[in-house]
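What follows is a single structure, written as structure tokens, with notes after it.
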Amino acid sequence: MTQHRRNPREGDGIAYAKTREGFDLPVIDVTHPWFAVPDDPAAIRGMHDAFVEDERKRQLIPKFIMRWMLRAAARKSRLVRALFEPDAGFLDGLSTYVMKLGADNLVPPYDTPMDRRLAASPHVALLRLRTQQVAYLVAEGIADDLAGATAATPLSLINIGGGPALDSINALILLRRARPELLSRPIAIEVLDSSRDGAFFGANALAALQADRGPLAGLAIGMRHHEYDWDRPAALEGLLEKLVSSGAIIAASSEGALFEYGSDQAIVANLQALRANGAGARLVAGSVTCADATRRRLIARTRFKVVPRGLAGFAPLAEEAGFRIAKTESARLSDQVLLRPL
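Residue numbers (the numbering used here): 927 to 1268.
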């Protein structure tokens, strides 16, 4: 059954939000069975094995035939077109979000048979798991800091390159479920991204979740977009200065963004800005692309400028910036990290 035959207004508990193009999309809530991805070791191993097998079959197809197949598919699918014909060297935040809805939850104009086939692929299942893992890392990581603060202390979630910032939003959903008393405070999600499209949808998604009976109903949460280039972190430094002065508890995340696409220098500079001489972010969560041969082959078939540095290549950068890896979660194609200040 496809999502366009489902109607959240008929009691399914799914919120919808509007994109800048005027399309209504379901809002991902990782606690809802439509969107939750199994995260036990056997399930993750099964998703990865399916991905490896899928890649093995692709290797048997001659390259000229594969190029023809992709061109044909791109004419029928907005998602395939975004994935294999990117103009900027990366997949835009909104297209990434739509893929993470899952095949059964797609809606027009993203619900052609080719769109559904792409969204059902093992690779996308692991991307969905990536978002879920980052949200859990933020929620679990910041809980004790919030518990030790007064209700007047604001919470600021900084999201770097995260498009709609659904990892930040879902961290709040998870906290609301587990420890609702911790969210009785002013909360702000600061989205630092070069594009406004993702943040536009993210703000609408947040508003939909705050509506009556929504998982974030009644909470004082705002979202602000900041035009941002992570190669020029001065804007982040300025934001941290303001947040630190306000006494806010600060947590940051960058899922599918800075730690995967950024240069070594950009990663160090942004983490140093977040650390703010030890007075800034209590934690930073994000995804790091694995460096195995399978992942490298996948990247080589696209125009994406992903850097598959793996944990071994990432850890020294974090340490140089004053952070240590406190916890990791694996989605096989990427490792999700929780950083704490040294």
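Cβ atoms here follow ideal geometry from the backbone N, Cα and C, with glycine treated the same way.
Could you have a look at residue 1039 and say whether DSSP puts it in helix, strand or coil?
-> helix
Can you give the beta carbon distance from residue 1099 to residue 955, rounded, assuming they're within the 8 Å contact cut?
-> At roughly 6 Å, the Cβ-Cβ gap stays under 8 Å, so residue 1099 and residue 955 are in contact.
Exposed or buried, residue 1215, counting other C-beta atoms within 10 Å across all chains shown (16 or more means buried)?
-> buried
Would you kindly report the start and end of the unbroken beta strand (DSSP E) that includes residue 1003?
-> Premise fails: residue 1003 is in no beta strand (DSSP E) and is neither H nor E.
Alpha carbon of residue 1071 to alpha carbon of residue 1097, nearest angstrom | 14 Å
Member of 1162, 1146, 1145 and 1147 whose CA lies at the smallest distance from the CA of residue 1153 = 1162
Distance cut-off 8 Å: residue 1125 Cβ against heavy atoms of the ligand ATP = What this structure holds is no ligand at all, so the ligand ATP is not there to describe.
Using 10 angstroms around the beta-carbon of residue 1203, count the other beta-carbons present and answer buried if the total reaches 16, otherwise exposed.
-> exposed
State buried or exposed for residue 1124, treating a residue as buried only when at least 16 other CB atoms are found within 10 Å of its CB.
-> buried
Is the stretch 1087–1097 close to the stretch 1050–1066, with three or more CB pairs under 8 Å?
-> Verdict: yes, contact present.
Beta strand (DSSP E) runs wholly inside the stretch 1183–1219, at least 3 long, in chain order | 1209–1215
Any contact of the stretch 1034–1052 with the stretch 1182–1196, i.e. 3+ C-beta pairs under 8 Å?
-> No: fewer than three Cβ pairs fall under 8 Å.
Tell me whether the beta-carbon of residue 1248 lies closer than 9 Å to the beta-carbon of residue 1268.
-> Yes, the pair counts as a contact, with Cβ atoms nearer than the cut-off.
Nearest candidate by alpha-carbon position, reference residue 1210, set 1191, 1179, 1235 and 1185 | 1179
Note down the Cα distance separating residue 1102 from residue 1108, rounded to an integer number of angstroms.
-> 8 Å
Quick one: grab the DSSP three-state call for residue 1093.
-> helix
Buried versus exposed call for residue 1022 [16 or more other C-beta atoms within 10 Å across all chains shown] | buried
Stretch-stretch touch, CB-based, cutoff 8 Å, three pairs: the stretch 1131–1140 with the stretch 938–952 | yes
What does DSSP give as the partner residues of residue 1254 in its beta bridges?
-> 1263
Can you check DSSP and say which residues form a bridge with residue 944?
-> 950
Near residue 1169, which residues of its chain fall below 7 Å by C-beta distance, leaving aside the five closest residues on each side in sequence?
-> 1082 and 1176
Three-state secondary structure (DSSP) at residue 1143?
-> coil
Taking the C-alpha atoms as reference points, what is the distance between residue 1086 and residue 1057?
-> 14 Å
Just curious, the beta strand (DSSP E) that residue 1116 is in, first and last residue?
-> 1113–1119
What residue ranges within the stretch 1151–1188 form continuous alpha helix (DSSP H) runs of no fewer than 4 residues, ordered along the chain?
-> 1160–1172 and 1184–1187
Between which two residues does the beta strand (DSSP E) harbouring residue 1021 extend?
-> Note, residue 1021: premise wrong, no beta strand (DSSP E); alpha helix (DSSP H) at 1019–1026.
Span of the beta strand (DSSP E) around residue 1083 | Residue 1083 -> beta strand (DSSP E) spans 1081–1086.
Nearest-angstrom Cβ-Cβ length linking residue 1275 and residue 1207, presumed shorter than 8 Å | Nothing about residue 1275 can be read from this structure; the chain reaches only from 927 to 1268.
Measure the CB-CB distance between residue 1255 and residue 965 and report whether it falls below 9 Å.
-> yes
Can you pull the DSSP bridge partners for residue 1149?
-> DSSP output for residue 1149 lists 1115 as bridge partner(s).
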